Amino acid sequence: MSVDCLKLGRIGELLAAAVLEQGGYSATIVGGNKYDILATTDDDVFRVQVKSTRRPTSEHGRKKSSYVFRTGHGRSSKNAYKKNTIDMYALVALDIRRVLFLPSQDIQVVTKRIEPEIFTGENAELHSLVEAVKRLEK
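Next up, the structure:
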């Protein structure tokens, strides 16, 4: 992994932590775990895995461009996270500095595509956080 990739990952973690803090959580960036951020309140503890991408891309055979996130782990071949390893993903679009949160149970693939409009909706960041927490509490 290049230094550039590490730096981009760190920027994504900082952006995600800022949104979590804005949403009322204490966000601690951790290293060496299966997750990147530990988000806590007096009542909740969530393990957050951050995935960042630079910009939307147009892939061969697809009409619209989308943000593409590799939601698995591993250096060469990506593997899905085991159940109960993480609670939610923070998907970071670095070019527009926006974050969306999804509960891990909603991502069953190692590649997740999201259309740019989803990131730019009114209050999309905090709304996605609230909705992810609701889904986790069920």
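For the sequence shown, counting from 1, position 27 maps to 24 in the working numbering; every step adds exactly one. Quick reminder that beta carbons are idealized off the backbone N, C-alpha and C, glycines included. Since this is a predicted model, take the numbers as computed values, not measurements.
- A129 and A13 have their C-alpha atoms spaced approximately 14 Å apart.
- Ranking D33, T54, L5, C2 by CA distance to the CA of L17 puts D33 first.
- For G20, the closest of A36, G9, I8 by C-alpha to C-alpha distance is A36.
- Just so you know, the alpha carbons of T25 and T38 end up roughly 12 Å apart.
- If you draw a straight line from the Cα of Q102 to the Cα of K48, it comes to about 16 Å.
- Spatial neighbours of K109 in its own chain (CB-CB distance under 6 Å, excluding positions within 5 residues in sequence) are listed in chain order as F66, T68.
- Rounded to the nearest whole angstrom, the CA to CA distance from H124 to Y86 is 14 Å.
- Its chain contains G69, V107 as the residues whose beta carbon lies nearer than 6 Å to that of A77, once the 5 sequence neighbours on both sides are disregarded; these appear in chain order.
- Here V27 is not bridged, per DSSP, to any residue.
- In its chain, beyond the 5 residues on either side, G20, F98 have a beta carbon closer than 6 Å to the beta carbon of L126.
- For T117, the enclosing alpha helix (DSSP H) stretches over residues 113 to 117.
- Cβ contact annotation for Y22 (same chain, cutoff 7 Å, sequence separation greater than five): A36, T37, T38, in chain order.
- Around the CB of E134, fewer than 16 other CB atoms lie within 10 Å, so the residue is classed as exposed.
- R95 sits buried, since 16 or more C-beta atoms from the chains shown fall within 10 Å of its C-beta.
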